[in-house]
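Q: Below: one structure in structure tokens.
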Amino acid sequence: MLLMGSLLLISILAAVVSNRLGAPLLLTFLVVGMLAGEEGVLGIEFSNPEVAFFIGSLALVIILFDGGMRTHKERFRVALWPAISLATVGVALTCAITASGVVWLFDLPWPTALLIGAILSSTDAAAVFSIFQSQNLRIKQRVASTLEIESGTNDPMAIILTMTLTSIIASAESFSLAWISLDVVQQVVIGYLAGWVGGRAFVWMAQKISVQFSFFPLLAAASAVVIFAMTSGIGGSGYLAVYLMGYKIGNSRLPQLPHILQVQDGLAWLSQIMMFLILGLLVTPSHLMEHWSLSLSVAVLMIFVARPLAVLVSLIPFVFPWREQVFISWVGLRGAVPIILALYPWLTGVPNQELYFDIAFMVVMVSLIVQGWSLAPMARWLGLEVPAPAEPDRRMPLDRLGSKDPMEVWVYQISERSPACDHCWDELRWNVDVEFVGIIREGEWLLPKSQPVLREADTVIVVAKLEHVGAISRVLSAGGKTTELQSSEFFGDFTLRGDLLLKEVAGFYPVGSLDSKLLAVSLHDYFTQKFHRRVVVGDQLQLGLVLLTVREVTDEGFIQQVGVKLLDEKAN
Numbered sequence: 001m002l003l004m005g006s007l008l009l010i011s012i013l014a015a016v017v018s019n020r021l022g023a024p025l026l027l028t029f030l031v032v033g034m035l036a037g038e039e040g041v042l043g044i045e046f047s048n049p050e051v052a053f054f055i056g057s058l059a060l061v062i063i064l065f066d067g068g069m070r071t072h073k074e075r076f077r078v079a080l081w082p083a084i085s086l087a088t089v090g091v092a093l094t095c096a097i098t099a100s101g102v103v104w105l106f107d108l109p110w111p112t113a114l115l116i117g118a119i120l121s122s123t124d125a126a127a128v129f130s131i132f133q134s135q136n137l138r139i140k141q142r143v144a145s146t147l148e149i150e151s152g153t154n155d156p157m158a159i160i161l162t163m164t165l166t167s168i169i170a171s172a173e174s175f176s177l178a179w180i181s182l183d184v185v186q187q188v189v190i191g192y193l194a195g196w197v198g199g200r201a202f203v204w205m206a207q208k209i210s211v212q213f214s215f216f217p218l219l220a221a222a223s224a225v226v227i228f229a230m231t232s233g234i235g236g237s238g239y240l241a242v243y244l245m246g247y248k249i250g251n252s253r254l255p256q257l258p259h260i261l262q263v264q265d266g267l268a269w270l271s272q273i274m275m276f277l278i279l280g281l282l283v284t285p286s287h288l289m290e291h292w293s294l295s296l297s298v299a300v301l302m303i304f305v306a307r308p309l310a311v312l313v314s315l316i317p318f319v320f321p322w323r324e325q326v327f328i329s330w331v332g333l334r335g336a337v338p339i340i341l342a343l344y345p346w347l348t349g350v351p352n353q354e355l356y357f358d359i360a361f362m363v364v365m366v367s368l369i370v371q372g373w374s375l376a377p378m379a380r381w382l383g384l385e386v387p388a389p390a391e392p393d394r395r396m397p398l399d400r401l402g403s404k405d406p407m408e409v410w411v412y413q414i415s416e417r418s419p420a421c422d423h424c425w426d427e428l429r430w431n432v433d434v435e436f437v438g439i440i441r442e443g444e445w446l447l448p449k450s451q452p453v454l455r456e457a458d459t460v461i462v463v464a465k466l467e468h469v470g471a472i473s474r475v476l477s478a479g480g481k482t483t484e485l486q487s488s489e490f491f492g493d494f495t496l497r498g499d500l501l502l503k504e505v506a507g508f509y510p511v512g513s514l515d516s517k518l519l520a521v522s523l524h525d526y527f528t529q530k531f532h533r534r535v536v537v538g539d540q541l542q543l544g545l546v547l548l549t550v551r552e553v554t555d556e557g558f559i560q561q562v563g564v565k566l567l568d569e570k571a572n
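Numbering (the UniProt record's numbering), first residue to last: 1 to 572.
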């Protein structure tokens, strides 16, 4: 108990240091596990792949369940089909291209090469978004949504391929593409149905039973494990089922949902830490050097050849600018899933069983170091960063009041950049309903009836409906946390309505000569015509010496606000 508690404590403290260095958190946990292993500082001998596989599988269930609950319908509207293409066609191409390179370079048998490709074909959303969060980086919604949905749905595809190929190799059956395809379809269909039924059943159960709120997060996690086991037992993809189950629960209007998400976040991080610690303990660094040339070659092949080609082919039907395709290609970050999948051949007695584990471990290490450390600079270099949105500093759901519309208490720290700074509450103009609770100033509560002036460093407390968070935050917040990219730098100092006609815009800004038919088009329609897809915040178009940037989009996809930035004529 002392040993495991100490390893967990050291991992968390090391994560604080790695955050400041910009290192991937998962790499930190992996290194701590290796340092504690039999060839490390503590010399702990751990060589039990069965235990590691069990812990890893259970951790993946919790992580995928959490990822599904945090995937909102809006992201599916923006990027569902590109992400599905990457998770299916992209995974298959990554596997095939990697296998072809391994056969050509090292003359390995095709079944072995395909199994290596299948094990390494999935990406890790947790690794990617933990880096974004640690560096306070926000990228364009379409790119972020595509990466998030892809990472949540390609894990089941990679798992299905790996288990199918392992079964063929272990049983010495003849390689049959038709049999593999049929097995994949069966697991996907059963997994989808089980996830849908499991999600609906949990929502119904949560609405009917009456217990303490503290039990609901535990009930959700236990239900996910049960659905995973039942789905796997009847020949379906349990991982796909728990992801879809999480999605159904996360997009329901359960009053218990905020509390479930808070606890689930901690469970997901605990699962990742324990999973990487166990995998770090299991590996023997000296064994990695036996296959170092093959492992490094596979890593280079996947990062610079297989992933870019798979992304290029998968996104052909969709309109993605080259900058976004380059970034999605570079964000093919490998995480815990390939290492855990590499344990499956080990457990089933496949020949050269440790080869798969050593290759997967080395490739993950290279991916986390090379790609993980460069994600944030790459996003900024490609111009995909957008300013953080205005939002409360703290949020407290009022989930026990029984209101039809979810309500929350929001806390804002007033800064000199807040539009409300140096104003009384009655001087602020609202187009939504909001209740002013008061101000905390130097530890004292100032009631609304005293008509206090909002000053820098004041803590303002309000109550409102969840749907109005954006409108209220734009007045009370400083426009998001301070980052290298400020709103005025990205969107410009001026804002126009999306329904404004280009004729009206041309009356104030140097947009150049426009066709007479174009003058009667609104900004919303102009962006829609140019992009031929759903427009997201951060999309840009240039008209003459004016750069137009989408600033706000409704859930239905209508552009409400467009930022205007005047360009330098010489630079243009």
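Every residue, glycine too, gets a C-beta built ideally from N, C-alpha and C. These numbers come from a predicted model, not from an experiment.
1) State whether the region 544–563 contacts the region 492–499, with contact taken as three or more CB pairs (one from each stretch) at a distance under 8 Å.
2) Quick one: what does DSSP say K140 is sitting in, helix, strand or coil?
3) Nearest-angstrom Cα distance between G538 and F46?
4) Look at the alpha carbon of L219 and the alpha carbon of Q212, and state the distance between them as a whole number of angstroms.
5) Quick check on the DSSP output: the alpha helix (DSSP H) that includes M274 runs from which residue to which?
6) Keeping to the same chain, check which residues put their C-beta closer than 6 Å to that of V240; ignore five residues upstream and five downstream.
7) Quick one, which of Q540, S374, S450, F318 has its alpha-carbon nearest L86's?
8) Y412 bridges to which residues according to DSSP?
9) Within the same chain, show all residues whose beta-carbon is closer than 6 Å to that of M275, passing over the 5 residues directly before and after it, in chain order.
10) Relative to the C-alpha of D458, which candidate in V469, E442, L466, A471 has its C-alpha closest?
11) Which of helix, strand or coil does DSSP assign to E435?
12) Please list the segments of the beta strand (DSSP E) lying wholly inside the region 490–541, counting only runs of 3 or more residues, in order along the chain.
13) Three-state secondary structure (DSSP) at M407?
14) Spatial neighbours of I328 within its chain, please: C-beta separation below 7 Å, excluding the five flanking residues on both sides.
15) Which residue from V188, E504, L261 puts its Cα closest to that of I234?
16) Look up C424 in the DSSP assignment and give the residues it is bridged to.
17) Got a sec? Which residues, its chain only, sit under 6 Å from G246 by beta carbon, not counting five neighbours each side?
18) Can you check whether the CB of I414 is closer than 8 Å to the CB of E456?
19) Are three or more beta carbon pairs between the region 376–392 and the region 344–362 nearer than 8 Å?
20) From W373 to L7, what does the alpha carbon distance come to, in whole angstroms?
21) Report yes or no: do the region 290–307 and the region 27–42 share at least 3 C-beta pairs separated by less than 8 Å?
22) Going by DSSP, what residue range makes up the beta strand (DSSP E) through G43?
23) Would you identify the three-state DSSP class for E484, choosing helix, strand or coil?
24) Whole angstroms is fine: what's the gap from R253's alpha carbon to H259's?
25) For a test of the three-state rule: what should DSSP assign to Q212, helix, strand or coil?
26) Nearest by alpha-carbon distance to G266: which of P389, I227, T153, I63 is it?
27) By Cβ distance below 7 Å, which residues in the same chain neighbour L244 in space, the five residues on each side in sequence not counted?
28) List the endpoints of the continuous beta strand (DSSP E) containing T112.
29) Let's see if you can read the secondary structure: which residues bound the alpha helix (DSSP H) around T88?
30) Is the region 356–370 close to the region 27–35, with three or more CB pairs under 8 Å?
31) With T549 as the anchor, note down where its beta strand (DSSP E) starts and where it stops.
32) So, are the CB atoms of F76 and I149 less than 8 Å apart?
33) What residue does the beta strand (DSSP E) around R395 start on, and which one ends it?
34) Report the three-state DSSP secondary structure of E444 (helix, strand or coil).
35) Helix, strand or coil: how does DSSP classify A571 here?
36) Is it true that the CB of I249 sits closer than 8 Å to the CB of V184?
A: Looking at the atomic coordinates:
1) Pairwise C-beta distances place the region 544–563 in contact with the region 492–499, as three or more of them are shorter than 8 Å.
2) The residue given as residue 140 occupies position 140 in the sequence shown. Three-state result, K140: coil.
3) In the sequence shown, the residue the question calls residue 538 occupies position 538. In the sequence shown, the residue the question calls residue 46 occupies position 46. Between G538 and F46, the C-alpha separation is close to 49 Å.
4) Sequence index remark: in the sequence shown, residue 219 carries index 219 (1-based). Sequence index remark: in the sequence shown, residue 212 carries index 212 (1-based). In a straight line, the C-alpha of L219 is about 11 Å away from that of Q212.
5) For the purposes of this step, residue 274 is taken as residue 274 along the sequence shown, with counting starting at 1. If you look at M274, you'll find it in the alpha helix (DSSP H) that goes 257–282.
6) What you label residue 240 is simply residue 240 of the sequence shown in a count that begins at 1. Correcting the residue identity first, residue 240 is Leu in this sequence and not Val. P156, G191.
7) Position 86 of the sequence shown, counted from the first residue, corresponds to residue 86. Among Q540, S374, S450, F318, the Cα nearest to that of L86 belongs to F318.
8) For the purposes of this step, residue 412 is taken as residue 412 along the sequence shown, with counting starting at 1. Answer by DSSP bridge pairing, in chain order: V460.
9) What you label residue 275 is simply residue 275 of the sequence shown in a count that begins at 1. Cβ neighbours of M275 beyond the five flanking positions: G56, A59, A336.
10) One-based indexing of the sequence shown puts residue 458 at position 458. Per the Cα distances, E442.
11) As a position in the sequence shown, residue 435 is number 435, starting the count at 1. In the three-state reduction of the DSSP assignment, E435 falls in the strand class, which pools E and B.
12) Whole beta strand (DSSP E) segments, 3+ residues: 494–497.
13) Walking along the sequence shown from the start, residue 407 turns up at place 407. In the structure shown, M407 sits in a strand (DSSP, three-state: E or B).
14) As a first step, residue 328 is located in the sequence shown; it is residue number 328 there, counting from the start. Within the same chain, I328 has close Cβ partners V143, T146, L147, V311.
15) In the sequence shown, residue 234 corresponds to position 234, counting from 1. Taking each of V188, E504, L261 in turn and checking the Cα distance to I234, the smallest one comes out for V188.
16) As a working mapping, residue 424 is identified with position 424 in the sequence shown. V453.
17) Translated into positions along the sequence shown, residue 246 becomes position 246. Excluding positions up to five away in sequence, the list reads F65, G68, M69.
18) As a position in the sequence shown, residue 456 is number 456, starting the count at 1. As a position in the sequence shown, residue 414 is number 414, starting the count at 1. For E456 and I414, yes; Cβs fall inside 8 Å.
19) The region 376–392 vs the region 344–362: no contact.
20) Within the sequence shown, numbered from 1, the residue matching residue 373 stands at position 373. Within the sequence shown, numbered from 1, the residue matching residue 7 stands at position 7. Cα-Cα distance, rounded: 24 Å.
21) Three or more beta-carbon pairs separated by less than 8 Å are not found between the region 290–307 and the region 27–42, which leaves the two stretches without contact.
22) Position 43 of the sequence shown, counted from the first residue, corresponds to residue 43. Looking at the DSSP string, G43 is not in any beta strand (DSSP E), and its letter there is neither H nor E.
23) The sequence position of residue 484 within the sequence shown is 484, counting from 1. Its pLDDT being 44, under 50, E484 is placed unreliably by the model, and the measurement read from it follows with that caveat. In the three-state reduction of the DSSP assignment, E484 falls in the coil class, being assigned neither a helical nor a strand state.
24) Taking the sequence shown and counting its residues from 1, the one referred to as residue 253 is at position 253. Taking the sequence shown and counting its residues from 1, the one referred to as residue 259 is at position 259. For R253 and H259, the distance between alpha carbons rounds to 13 Å.
25) Residue numbering aside, residue 212 sits at position 212 when the sequence shown is read from its first letter. Looking at Q212 - three-state DSSP - the assignment turns out to be coil, as it is neither helix nor strand.
26) Here residue 266 corresponds to residue number 266 of the sequence shown, with the count starting at 1. Closest option to G266, Cα to Cα, is I63.
27) Here residue 244 corresponds to residue number 244 of the sequence shown, with the count starting at 1. Around L244: G68, Y192, G195, W196, G199.
28) In the sequence shown, the residue the question calls residue 112 occupies position 112. Taken as a continuous stretch (DSSP letters only), T112 belongs to no beta strand (DSSP E), being part of the alpha helix (DSSP H) at 110–119.
29) As a position in the sequence shown, residue 88 is number 88, starting the count at 1. From DSSP, T88 is part of no alpha helix (DSSP H); its letter is neither H nor E.
30) With the cut-off at 8 Å, the region 356–370 and the region 27–35 touch.
31) The count along the sequence shown starts at 1 and reaches residue 549 at position 549. T549 -> beta strand (DSSP E) spans 546–553.
32) Taking the sequence shown and counting its residues from 1, one reaches residue 76 at position 76. Taking the sequence shown and counting its residues from 1, one reaches residue 149 at position 149. Result yes, Cβ atoms of F76 and I149 sit closer than 8 Å.
33) Counting from one through the sequence shown, the residue named residue 395 turns up at place 395. Unbroken beta strand (DSSP E) run through R395: 394–397.
34) Here the question's residue 444 lines up with position 444 in the sequence shown. The answer is strand: DSSP assigns E444 an E or B state.
35) In the sequence shown, counting from the first residue as 1, residue 571 sits at position 571. At A571 the pLDDT is 47, less than 50, meaning the model places this residue with poor confidence; the figure from the coordinates comes in the next sentence. For A571, the secondary structure class from DSSP, reduced to helix, strand or coil, is coil.
36) The residue given as residue 184 occupies position 184 in the sequence shown. The residue given as residue 249 occupies position 249 in the sequence shown. Cβ distance not < 8 Å, so V184 and I249 don't count as in contact.
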